[in-house]
Amino acid sequence: MLVERLSPLKKGMADMKCNNAVAYIHDYLDGELSREQVKELRSHLTECAACQGHLEALERTDALVRAMPAASAPAHMTESIMKSLPKSRRPAAWTSWVRRHPAASAAAMFLVVMLSSFVTMWNQDQELSIAGPDLEHVVVEGNKVIVPAGQTFSGDLTVSNGVAQVLGDVDGNLTVIDGSVNLASTAHIAGKVQTIDRAVDWMWYKVSSWFGKLAYGS
Amino acid sequence: METRLARLARKGDQRAFAEIVDLYKDKLFHLAYRMTNNRQEAEDVVQETFLRVYKNLDRYDENQKFSTWIYRIATNLCIDRLRKRRAVYSLDAESSEHEGLDGYAMLPSDDRTPESELLLSETQRLIHEAIETLPVKYKSVMVLRYLQDLSLQEISEVLEMPVTTVKTRVHRGREFLRKKLEHRI
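In order, the protein sequences belong to chains D and F.
Each residue of the first sequence is one higher than the one before, starting from 132 at the first, in this note's numbering.
Each residue of the second sequence is one higher than the one before, starting from 41 at the first, in this note's numbering.
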């Protein structure tokens, strides 16, 4: 017994114990026994009818279970599965995109917030307003902003929600948002004349003037 | 190939997903039917498996075999059902009279036996019964090993347990079946 515990392999195969043999039998059925171990097991089986019987019984069990006919899914299965699927995978795809691109998502979110605030501001801003450095030189009549003949408006003039009627000179750019421009033959505008009608244009104007301010600090 | 199909399906290609369903529906049905021993439940499990696969395609890790992933989902659904069933039956006082078998051994009757199974031999009926009475932890291993022909390594990946545990369960499961069948066949 002591000898066997020290070196069962060297001692020889005949002395394999039955409980070892059963473990070997299972490994054999799993296809996990080395050639050497198969030899060892074989020599035990030639001498032990009980283990031989055990192996045969397990082999029969294996064969019976493996030979069981496969059940197949009902014919309508594929169709009913395809019908049961949620209509669109888009929401899931969208959230996973957000998960994978946190920076781009934050930027997109920022744009959405900016855009919506611009739109709200644009919608609220329905009253006539005038902006420029030299407002003493203009006359307001109703929704008309008039630069009278002979007057010189020095600087950029911006009119929102109204009509800009220029009879005199504007020494800068004239910008009209959501309104129109009337230029008299006597009018003289040193810079550009710009009319902005839509929210998008207006936003672009805001953004570019904001960047202009950033760039020139004016 | 399944990985390619999964990639297409992830992009919203319905045809690719239908191909996945065609490839796996019978295998999964066979698995679920042998696990639950009930055709209706097996159908439910297959349906639920594909729904989960569809919803979680984004989480499918392509370093893993697609079959491992889908078998894991289906096996876990079966195990959940068997556990729930056992919980229901154990509340039933009568179940203790059934000679120490787990409660779920008392199969809920399954009248929808298809014609092919009416031809079952007595031998096959005994094998079904033997598998049916396996405790859940052996049953899942044996079904994957013998009916789906997975290797021990693959089973260990599906069930997320060490290969040595899988091996022990195959050995015990095999002995269990042998004892059930030995003197009757």
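Note that the Cβ used here is the ideal one computed from N, Cα and C, for glycine as well.
N- and C-terminal bounds of the alpha helix (DSSP H) containing residue i
i                 : result
Lys65 of chain F  : Gln54 to Thr76
Ala202 of chain D : Looking at the DSSP string, Ala202 of chain D is not in any alpha helix (DSSP H), and its letter there is neither H nor E.
Glu197 of chain F : Leu192 to Leu199
Asp161 of chain D : Per DSSP, Asp161 of chain D belongs to no alpha helix (DSSP H) and is neither H nor E.
Arg173 of chain D : Arg166 to Glu178
Leu184 of chain F : First-last for Leu184 of chain F: undefined, no H or E at that position.
Ser161 of chain F : Unbroken run through Ser161 of chain F: none, as it is neither H nor E.
Leu217 of chain F : Val203 to Leu221
Lys214 of chain D : Met208 to Ser215
Arg173 of chain F : A small correction: the amino acid at residue 173 of chain F is Thr; Arg does not occupy that position in the sequence shown. Note, Thr173 of chain F: premise wrong, no alpha helix (DSSP H); not H, not E.
Glu42 of chain F  : Glu42 to Arg50
C-alpha distance - residue i paired with residue j, whole-angstrom precision
i                 : j                 : result
Met201 of chain F : Asn116 of chain F : 13 Å
Leu190 of chain F : Cys182 of chain D : 27 Å
Thr192 of chain D : Leu217 of chain F : 7 Å
Ile308 of chain D : Ser340 of chain D : 14 Å
Arg55 of chain F  : Glu102 of chain F : 20 Å
Gln325 of chain D : Leu305 of chain D : 6 Å
Glu134 of chain F : Pro175 of chain F : Only weak support is given to the placement of Glu134 of chain F: the predicted model assigns it a pLDDT of 47, under 50, and the value that follows is read from those uncertain coordinates. Between Glu134 of chain F and Pro175 of chain F, the C-alpha separation is close to 19 Å.
Arg231 of chain D : Ala237 of chain D : 12 Å
Tyr100 of chain F : Ser248 of chain D : 40 Å
Lys65 of chain F  : His185 of chain D : 37 Å
Thr208 of chain F : Lys177 of chain F : 11 Å
Met213 of chain D : Asp161 of chain D : 38 Å
Leu189 of chain D : Thr163 of chain F : 16 Å
Asn313 of chain D : Lys337 of chain D : 23 Å
Asn151 of chain D : Leu63 of chain F  : 42 Å
Val128 of chain F : Val61 of chain F  : 32 Å
Val290 of chain D : Arg47 of chain F  : 56 Å
Ala235 of chain D : Phe342 of chain D : 22 Å
Ser161 of chain F : Arg214 of chain F : 21 Å
Asp142 of chain F : Lys179 of chain F : Per-residue confidence for Asp142 of chain F stands at a pLDDT of 46, beneath the threshold of 50, marking its modelled position as unreliable; the derived number appears in the next sentence. Taking the straight line joining both Cα atoms gives about 12 Å.
Glu258 of chain D : Leu288 of chain D : 16 Å
Asp151 of chain F : Glu167 of chain D : With a pLDDT of 49 at Asp151 of chain F, under the threshold of 50, the modelled position of this residue cannot be trusted; read the value that follows with caution. C-alpha separation (whole angstroms): 52 Å.
Ala114 of chain F : Glu169 of chain F : 22 Å
Val229 of chain D : Met240 of chain D : 11 Å
Tyr155 of chain D : Leu45 of chain F  : 42 Å
Glu210 of chain D : Asp84 of chain F  : 14 Å
Where residue i falls, given that 16 or more other Cβ within 10 Å makes a residue buried
i                 : result
Ser156 of chain F : Interpretation of Ser156 of chain F is limited by its pLDDT of 49, a score under 50 that renders its predicted location unreliable; the figure taken from the coordinates is listed afterwards. Under this definition Ser156 of chain F is an exposed residue.
Asn78 of chain F  : buried
Glu171 of chain D : buried
Leu266 of chain D : exposed
Lys344 of chain D : exposed
Tyr111 of chain F : buried
Thr177 of chain D : exposed
Tyr73 of chain F  : buried
Asp300 of chain D : buried
Ser196 of chain F : buried
Tyr144 of chain F : Reliability of the predicted coordinates at Tyr144 of chain F is poor, the pLDDT of 44 falling under 50, and no value is obtained from them.
Gly310 of chain D : buried
Met41 of chain F  : exposed
Trp335 of chain D : exposed
Val350 of chain D : Any question about residue 350 of chain D goes unanswered here, given that chain D covers just 132 to 349.
Cross-strand partners of residue i (DSSP beta bridge)
i                 : result
Gln296 of chain D : D:Ile277 and D:Asn313
Thr283 of chain D : D:Asp300
Ser260 of chain D : D:Ser291
Val85 of chain F  : None, per the DSSP bridge assignment.
Ile327 of chain D : D:Ile308
Contact belief for residue i with residue j at Cβ below 8 Å, rounded distance in angstroms
i                 : j                 : result
Leu187 of chain F : Met199 of chain D : 7 Å
His268 of chain D : Thr251 of chain D : With a Cβ gap of about 33 Å, His268 of chain D and Thr251 of chain D do not count as contacting.
Phe69 of chain F  : Ala58 of chain F  : At roughly 16 Å, the Cβ-Cβ gap does not stay under 8 Å, so Phe69 of chain F and Ala58 of chain F are not in contact.
Thr76 of chain F  : Arg126 of chain F : Actually they do not touch by this definition, with Cβ atoms about 12 Å apart.
Leu97 of chain F  : Ala49 of chain F  : 6 Å
Ser72 of chain D  : Gln87 of chain F  : Coverage of chain D is limited to positions 132 through 349, which leaves residue 72 of chain D absent and any answer about it impossible.
Val203 of chain F : Val181 of chain F : The pair is not a contact, with the Cβ atoms about 11 Å apart (cut-off 8 Å).
Ser316 of chain D : Asn292 of chain D : About 26 Å separates the two Cβ atoms, so there is no contact after all.
Val294 of chain D : Lys323 of chain D : That pair is no contact at about 18 Å.
Gly263 of chain D : Gly281 of chain D : Their Cβ separation, rounded to whole angstroms, is 18 Å, which puts Gly263 of chain D and Gly281 of chain D out of contact at 8 Å.
Glu194 of chain F : Thr108 of chain F : 6 Å
Terminal residues of the beta strand (DSSP E) in which residue i lies
i                 : result
Ala321 of chain D : Ala321 of chain D -> no beta strand (DSSP E), and no H or E assigned at all.
Leu288 of chain D : Leu288 to Ser291
Glu76 of chain D  : The requested residue 76 of chain D does not occur in the structure, where chain D is confined to residues 132 to 349.
Any non-hydrogen atom of the ligand ADP closer than 6 Å to residue i Cβ
i                 : result
Ala234 of chain D : Ligands in the displayed structure: none, and consequently the ligand ADP is not present.
Contact list for the region 194-205 of chain D against chain C, Cβ threshold 9 Å: The displayed structure is made up of protein chains D and F, and chain C is not among them.
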